[in-house]
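Quick note, the working numbering runs 245 ahead of the 1-based positions in the sequence shown.
Data block below; observations after.
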Amino acid sequence: GKRKMTTSSSLSTTTIPYEEFSPIAKCFSLLLRNMWSPHRFKSNVDPHMLVQAVSVASNKRYHVGQQAEAGEFLSWLLH
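Structure representation (structure tokens):
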């Protein structure tokens, strides 16, 4: 793909090819692109792919039908 994520710090800049993104990052990227796309015909966006990717990556620690602490989920997601 042509998409690349660039991270920068005071020491270096690293470019990560889209193909190397984790499944969660790819699904989140797609969800955001769909939400902000001017070409959408529907007013709603289905987060199903992101929910499935989170469930798989977390070994079903976070999945539909199970309540979890938001802070713990956010900490897991960002690490």
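We put the beta carbon where it would ideally sit given N, CA and C, even for glycine.
Computed from a prediction, not measured in an experiment: that's the story for all the values here.
query                                                                                                : result
Counted within 10 angstroms of its Cβ, other Cβ atoms place VAL309 as buried (16 or more) or exposed : exposed
C-beta atoms of PHE318 and LEU295 nearer than 7 Å                                                    : no
Limits of the alpha helix (DSSP H) - the one that PRO268 falls within                                : 268–281
Cβ-based burial, VAL299 [other Cβ within 10 Å; buried from 16]                                       : buried
Nearest-angstrom Cβ-Cβ length linking PRO292 and LEU276, presumed shorter than 8 Å                   : 6 Å
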